[in-house]
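Colleague: Residue numbers (UniProt numbering): 1 to 335.
By construction, the Cβ of each residue, glycine as well, lies at the ideal position given by its N, Cα and C atoms.
A single structure is presented below for examination.
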C-alpha cells in the first residue's frame, strides 16, 4: 500500500509537470497554476536559463561576425555580452511597459491589486532575468576584481522587488510592470557602448543614438514620478492591502532610482555625449582610441603633437632672432 501511494504521488507529480511543460511550450498563460511554487520556480528557471542562453549565443555570434569583439580583452568581451543580453530584456520590457501603461484596462482599473495570468508570467520571467543579472554581475566583479556599486544595488533591488511579488502573491501587477519600462534605455546603451568600442563615436549615428538614449533616461525620470503619483493616489489601499515589509522594500528601491540612480546615469550619459569616453574601461578605452583610425583619439593626439612641434619651432625661431639682434648690436657698439 505504501509503494502504491508513493507511485501514485510520483505519477501525479509527473503528470503535473508534463501539463506545465505543455502549457509553457504552447505559451498558454491561462493553463498555468501561478499559486503553485513548482510552477513559479520552473518559469523563473526558464527565465534564468533563457537569458543565460542569450548571453552565450551573443558571445559566439559576436566572435564569428565582429572583428571589434575579437580585439577586445576578456573583461570587455564579457561586458559586451552582458550589455547585449540586457538590451534583449530591454526590448521585451519596453513592450510590456507600453502595454501596461496604454493598452491594459484590467490592470489600469485597479493599480494596487489587479493581476492577470500573462502579467504573472512576465513577472516570473523578469525574476529569473534579474537573478541572472545578479549572478552574472557578482561573478564578473569577482573574476575581474571590479565593483559597480550603483549597478549592484539596482540589480539587487530589482530582483528582491520582483521576487517579493511572487512570495507575497497579493500585490497588484500594474506597478511592477510599469517599472519594467525603466529598461527602455538599455537597447540604446548597448548600441552606444558597442559603437564606442568600435571607434565610431565620431559618427552621426552614434551621436543620434546618444541623444535618443539621453531622452530615454529623461523618460525614466518622468516614469518614476508617475509611479510616485500612482502610489499617492492609492495610498490608503496600498497600506491596507500590501504587506508593510514589501512596501518598505519597494519605496526604498523607488527612492534610490528616483533620487540617486536616474540622475547619476543621466548625467554620465550626457557627459559621454560631450566627451566620448567609456568610463567602465577608461584605461583600455584610452589605449584603444589612440590606436583606432576611426575614432577621434588619434587625430587629437596628432594635433597635439603638431601643435607642440610648431610651438617649439616658433620658440627656436624667436631665440635665433634675439641672438642675431644681440650680435648686430654688439657690432654696432664696436664700430
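Under a three-way DSSP split, which group does residue 324 fall into?
Modeller: Because the pLDDT of residue 324 is 49, which lies under 50, any placement of that residue in the model is unreliable, and the number read from its coordinates should be weighed accordingly. Helix at residue 324.
Colleague: Measuring alpha carbon to alpha carbon, tell me which residue in 119, 83, 210 and 77 is nearest residue 32.
Modeller: Relative to the Cα of residue 32, the nearest Cα in the group 119, 83, 210 and 77 belongs to 119.
Colleague: For residue 78, which residues of its own chain have a beta-carbon under 7 Å away from its beta-carbon, when the five flanking residues on both sides are left out?
Modeller: Annotation for residue 78: 140 place their beta carbon closer than 7 Å to its own, counting only its chain and skipping 5 residues before and after.
Colleague: Any chance the segment 153–164 sits against the segment 54–65, with 3 or more Cβ pairs inside 8 Å?
Modeller: no
Colleague: I believe residue 217 touches residue 266 by the beta-carbon criterion, under 8 Å. Please report the beta-carbon distance rounded to the nearest angstrom.
Modeller: 4 Å
Colleague: Give me, in chain order, the residues of the same chain whose beta-carbon lies closer than 8 Å to that of residue 113; leave out the 5 immediate sequence neighbours on both sides.
Modeller: 170, 171, 172, 237 and 241
Colleague: May I ask you to report which of helix, strand or coil DSSP gives residue 198?
Modeller: Coil.
Colleague: Do residue 96 and residue 122 have their beta-carbon atoms positioned less than 8 Å apart in this structure?
Modeller: yes
Colleague: Just to confirm before moving on: does the CB-CB distance between residue 223 and residue 250 stay below 8 Å?
Modeller: Not in contact: residue 223 and residue 250 (Cβ atoms no closer than 8 Å).
Colleague: Just verifying my parser: in three-state terms, what is the DSSP assignment at residue 111?
Modeller: coil
Colleague: Note the first and the last residue of the continuous alpha helix (DSSP H) segment covering residue 241.
Modeller: 235–241
Colleague: Starting from the C-beta of residue 63, find all residues in its chain whose C-beta is less than 7 Å away, skip the five residues before and the five after it, and write them out in chain order.
Modeller: 69 and 70
Colleague: At what residues does the alpha helix (DSSP H) containing residue 120 begin and finish?
Modeller: 117–144
Colleague: Helix or strand or just coil, what does DSSP make of residue 263?
Modeller: helix
Colleague: For residue 169, name the three-state secondary structure that DSSP assigns.
Modeller: coil
Colleague: Roughly how many angstroms lie between the CA atoms of residue 272 and residue 39, to the nearest whole one?
Modeller: 44 Å
Colleague: Rounded to whole angstroms, what is the Cα-Cα separation between residue 209 and residue 200?
Modeller: Distance between residue 209 and residue 200, taken at the CA atoms: about 12 Å.
Colleague: To the nearest angstrom, how far is it from the Cα of residue 125 to the Cα of residue 205?
Modeller: 33 Å
Colleague: Roughly how far, in whole angstroms, is the beta-carbon of residue 131 from the beta-carbon of residue 44, given that I think they are within contact range, below 8 Å?
Modeller: That belief holds up - the Cβ atoms of residue 131 and residue 44 are roughly 7 Å apart, short of 8 Å.
Colleague: Going straight from the alpha carbon of residue 263 to that of residue 102, what length do you get?
Modeller: 26 Å
Colleague: In the structure shown, what three-state DSSP assignment does residue 31 receive?
Modeller: In the structure shown, residue 31 falls within a helical segment according to DSSP collapsed to helix, strand and coil.
Colleague: Could you spell out the range, first to last residue, of the alpha helix (DSSP H) harbouring residue 80?
Modeller: 74–102
Colleague: Could you name the residues of the same chain whose beta carbon sits closer than 8 Å to that of residue 227, not counting the 5 residues immediately before and after it, in chain order?
Modeller: 175, 178, 179 and 254
Colleague: Where do the N-terminal and C-terminal ends of the alpha helix (DSSP H) with residue 203 fall, by residue?
Modeller: Here residue 203 belongs to no alpha helix (DSSP H), and DSSP marks it neither H nor E.
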